[in-house]
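Notes to accompany the following structure.
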Amino acid sequence: MKVFVTGATGYIGLPVVRQLLEHDHEVLGLARSDKSAQLLESIGAQAHRGTLDDYESLAQAAAASDGVIHLGFKHEQISNKPKEGVDYNSLCVDDRAAVTAMLKVMEGTNKPFVFTSGTLMMARGKLALEHDGPDMEHPVSRIRGANEAVVLDFAKKGVRAIVMRVPPFNHAKGDKYSIGMLAAKAKQFGVSAYVNDGENRWPAIHLIEEAVLFRLALEKGAAGSVYHAAAEEGVRLKDVAVALGKALQIPVVSKPLDEAQEYFGFMAFALHEDNPTSSARTRAELGWTPTHPTLLEDIEAGLFND
Numbered sequence: 391m392k393v394f395v396t397g398a399t400g401y402i403g404l405p406v407v408r409q410l411l412e413h414d415h416e417v418l419g420l421a422r423s424d425k426s427a428q429l430l431e432s433i434g435a436q437a438h439r440g441t442l443d444d445y446e447s448l449a450q451a452a453a454a455s456d457g458v459i460h461l462g463f464k465h466e467q468i469s470n471k472p473k474e475g476v477d478y479n480s481l482c483v484d485d486r487a488a489v490t491a492m493l494k495v496m497e498g499t500n501k502p503f504v505f506t507s508g509t510l511m512m513a514r515g516k517l518a519l520e521h522d523g524p525d526m527e528h529p530v531s532r533i534r535g536a537n538e539a540v541v542l543d544f545a546k547k548g549v550r551a552i553v554m555r556v557p558p559f560n561h562a563k564g565d566k567y568s569i570g571m572l573a574a575k576a577k578q579f580g581v582s583a584y585v586n587d588g589e590n591r592w593p594a595i596h597l598i599e600e601a602v603l604f605r606l607a608l609e610k611g612a613a614g615s616v617y618h619a620a621a622e623e624g625v626r627l628k629d630v631a632v633a634l635g636k637a638l639q640i641p642v643v644s645k646p647l648d649e650a651q652e653y654f655g656f657m658a659f660a661l662h663e664d665n666p667t668s669s670a671r672t673r674a675e676l677g678w679t680p681t682h683p684t685l686l687e688d689i690e691a692g693l694f695n696d
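And the structure:
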């Protein structure tokens with residue numbers, strides 16, 4: 391299968407590309423720069439030069455492929471900015487336009503389109519199931535949830551449209567993002583922190599495991615399905631902070647929510663959320679059984695130090 395992958399050189403995207411190539415798929419990866427194009431070509435993929443704002447180019451690549459995995463998002467406009475400085479609504483509107491451009495040329499083809507969403511959109515404080523809709527009372531969830539709805543609506547138009555909700559903890563050796571960012575903050579301030587009592591939970595998955603799951607969804611996922619990339623339903627944020635503190639040999643402290651942004655930066659708005667997430671249906675439908683290390687095992691192994 392020839393697969394067009396957006397976000398192909400990103401933290402999740404590159405392992406997905408490698409996973410597809412290892413299983414005899416042909417990959418056409420979106421590349422915004424010569425460096426990205428060279429990276430894709432060096433591992434055996436083809437590069438499609440363009441951006442997420444070039445809707446015509448995205449549509450052309452989707453039309454020329456047998457399936458699409460959409461991992462691209464303008465994450466660089468969120469990182470290291472305070473929540474107030476990010477127009478998340480605008481970013482999601484842009485993403486919706488990109489998605490729609492690709493899906494329209496796929497109508498009536500039964501080609502797979504796997505859209506990346508997130509578990510943090512779900513209702514807080516209860517176990518999120520695959521058939522549950524996003525929390526439409528929450529402003530951020532409502533915006534992103536509207537994009538899920540757009541994708542799933544194309545399942546009625548002859549596209550094998552699928553939503554993959556990824557967890558906030560995507561961990562692996564050399565992690566510079568979720569755990570890597572928390573570790574960097576701990577080193578910067580000399581303490582490993584959690585918000586309030588730290589009893590809230592986040593789901594987690596090993597990055598290689600996540601790449602396998604995207605491939606399985608592409609190959610086997612049913613039209614209109616929602617899947618959860620959660621190898622662990624929920625890891626307490628306090629346990630994460632304690633594990634980081636032990637690994638870095640620094641104290642562990644609680645930060646009240648009103649002080650959290652000074653420490654955590656843009657991550658603060660989410661780090662107090664309780665987001666336990668089930669993947670039972672995902673495992674059953676896709677035949678997926680996680681085998682890689684857990685989040686706390688990876689922290690103990692020093693994944694953030696490479």
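Residue numbers (the working numbering): 391 to 696.
From the three backbone atoms N, C-alpha and C, an ideal C-beta is built for every residue, glycine too.
Problem set entry | Inside the region 441-522 only - alpha helix (DSSP H) runs reaching at least 4 residues | 445-453, 478-494
Exercise. Beta strand (DSSP E) containing lysine 636: first to last residue?
Worked result: Stepping through the sequence shown from its first residue, residue 636 is reached at position 246. Element bounds for lysine 636: not the beta strand (DSSP E) but the alpha helix (DSSP H), 627-638.
Problem set entry | Alpha-carbon to alpha-carbon, serine 568 and proline 472 | Residue numbering aside, residue 472 sits at position 82 when the sequence shown is read from its first letter. Residue numbering aside, residue 568 sits at position 178 when the sequence shown is read from its first letter. Confidence at proline 472 is low in this model, with a pLDDT of 49, below 50, so its placement is unreliable and no value can be given for it.
Problem set entry | For arginine 671, the first and last residue of its enclosing beta strand (DSSP E) | Working through the sequence shown from its first residue, we reach residue 671 at position 281. Here arginine 671 belongs to no beta strand (DSSP E); instead the alpha helix (DSSP H) covers 670-676.
Problem set entry | Neighbourhood of alanine 594 by C-beta distance below 6 Å, restricted to the same chain and skipping five residues each side | Numbered from 1 along the sequence shown, position 204 holds the residue referred to as residue 594. For alanine 594, the CB contacts under 6 Å within the same chain, skipping 5 residues up- and downstream, are Pro557, Phe559, Glu622, Val625, Leu685 in chain order.
For this session: May I ask which residues mark the beginning and end of the beta strand (DSSP E) holding leucine 418?
Result: Numbered from 1 along the sequence shown, position 28 holds the residue referred to as residue 418. Segment 416-421, the beta strand (DSSP E) holding leucine 418.
For this session: Only counting runs of 4 or more residues, tell me where the alpha helix (DSSP H) segments fall wholly within the region 540-601, in order along the chain.
Result: 568-579
Exercise. Leaving out the 5 sequence neighbours to the left and right, which residues in its chain are closer than 7 Å to phenylalanine 694 when beta-carbon positions are compared?
Worked result: Within the sequence shown, the letter at position 304 stands for residue 694. Asp565, Ile569, Gly570, Ala573, listed in sequence order.
Problem set entry | Stretch-stretch touch, CB-based, cutoff 8 Å, three pairs: the region 479-496 with the region 412-425 | Contact fails: fewer than three Cβ-Cβ distances are below 8 Å.
Exercise. Quick one, are the C-beta atoms of glycine 462 and leucine 442 less than 8 Å apart?
Worked result: Here residue 462 refers to the residue found at position 72 of the sequence shown. Here residue 442 refers to the residue found at position 52 of the sequence shown. Yes.
Exercise. How many angstroms separate the CA atom of valine 504 from the CA atom of alanine 631?
Worked result: Taking the first residue of the sequence shown as 1, we reach residue 504 at position 114. Taking the first residue of the sequence shown as 1, we reach residue 631 at position 241. Rounded to the nearest angstrom, the two C-alpha atoms are 33 Å apart.
For this session: Measure from the alpha carbon of arginine 591 to the alpha carbon of each residue in Leu606, Gly548, Ala660, then state which is nearest.
Result: Looking up residue 591 in the sequence shown gives position 201. It is Ala660.
Problem set entry | Per DSSP, cross-strand counterpart(s) of tyrosine 617 | Against the sequence shown, residue 617 aligns to sequence position 227. Met554, per the DSSP bridge assignment.
Exercise. Would you call the region 602-612 and the region 500-517 touching, i.e. three or more CB-CB distances under 8 Å?
Worked result: yes
For this session: Using the Cα positions of glycine 508 and proline 529, report the straight-line distance between them to the nearest angstrom.
Result: Along the sequence shown, one-based indexing puts residue 508 at 118. Along the sequence shown, one-based indexing puts residue 529 at 139. When rounded, the distance between both Cα atoms is 14 Å.
For this session: Assign glutamate 663 to one of three DSSP states: helix, strand, or coil.
Result: Numbered from 1 along the sequence shown, position 273 holds the residue referred to as residue 663. Coil, per DSSP.
Exercise. When the distance is taken between beta carbons, is threonine 679 closer than 8 Å to alanine 620?
Worked result: As a first step, residue 620 is located in the sequence shown; it is residue number 230 there, counting from the start. As a first step, residue 679 is located in the sequence shown; it is residue number 289 there, counting from the start. Not a contact, by the Cβ cut-off of 8 Å.
For this session: Would you kindly work out how many angstroms separate the C-alpha atoms of asparagine 470 and glycine 655, rounded to a whole number?
Result: Your numbering for residue 470 matches position 80 in the sequence shown. Your numbering for residue 655 matches position 265 in the sequence shown. Low confidence applies here, because asparagine 470 scores a pLDDT of 46, under 50, leaving its location unreliable; read the following figure in that light. The C-alpha of glycine 655 is placed about 7 Å away from the C-alpha of asparagine 470.
Exercise. Is the CB-CB distance between glutamate 538 and valine 553 below 8 Å?
Worked result: Taking the first residue of the sequence shown as 1, we reach residue 538 at position 148. Taking the first residue of the sequence shown as 1, we reach residue 553 at position 163. Contact flag set, yes.
Exercise. Going by other Cβ atoms of all chains shown within 10 Å of its Cβ, with 16 needed for buried, is leucine 647 buried or exposed?
Worked result: Translated into the one-based positions of the sequence shown, residue 647 becomes position 257. Exposed, since its Cβ has fewer than 16 Cβ neighbours within 10 Å.
For this session: State yes or no: is the C-beta of methionine 492 within less than 8 Å of the C-beta of leucine 430?
Result: Indexing the sequence shown from 1 puts residue 492 at position 102. Indexing the sequence shown from 1 puts residue 430 at position 40. No, Cβ-Cβ distance for methionine 492 and leucine 430 is not below 8 Å.
For this session: Have a look at threonine 399 and alanine 435 and give me their C-alpha separation to the nearest angstrom.
Result: By 1-based counting over the sequence shown, the position of residue 399 is 9. By 1-based counting over the sequence shown, the position of residue 435 is 45. One Cα belongs to threonine 399, the other to alanine 435, and the distance between them is close to 11 Å.
For this session: Quickly, what does DSSP pair glutamate 622 with across the bridge? List them, please.
Result: For the purposes of this step, residue 622 is taken as the residue at position 232 of the sequence shown. Glutamate 622 is bridged to Ala594.
Exercise. Among residues of its own chain, excluding the 5 on either side of glutamate 497, which ones have a beta-carbon nearer than 8 Å to its beta-carbon?
Worked result: Locating residue 497 in the sequence shown gives position 107, where the first residue counts as 1. Excluding positions up to five away in sequence, the list reads Phe544, Lys547, Gly548, Val549.
Exercise. For glutamate 663, which residues from the same chain have a beta carbon less than 7 Å from its beta carbon, with the 5 sequence-adjacent residues on both sides left out?
Worked result: Residue numbering aside, residue 663 sits at position 273 when the sequence shown is read from its first letter. Leu510, Arg514, Asn590, listed in sequence order.
For this session: Measuring alpha carbon to alpha carbon, tell me which of Ser531, Ala488, Val458, Gly523 ends up nearest threonine 499.
Result: Counting from one through the sequence shown, the residue named residue 499 turns up at place 109. For threonine 499, the nearest C-alpha among the options comes from Val458.
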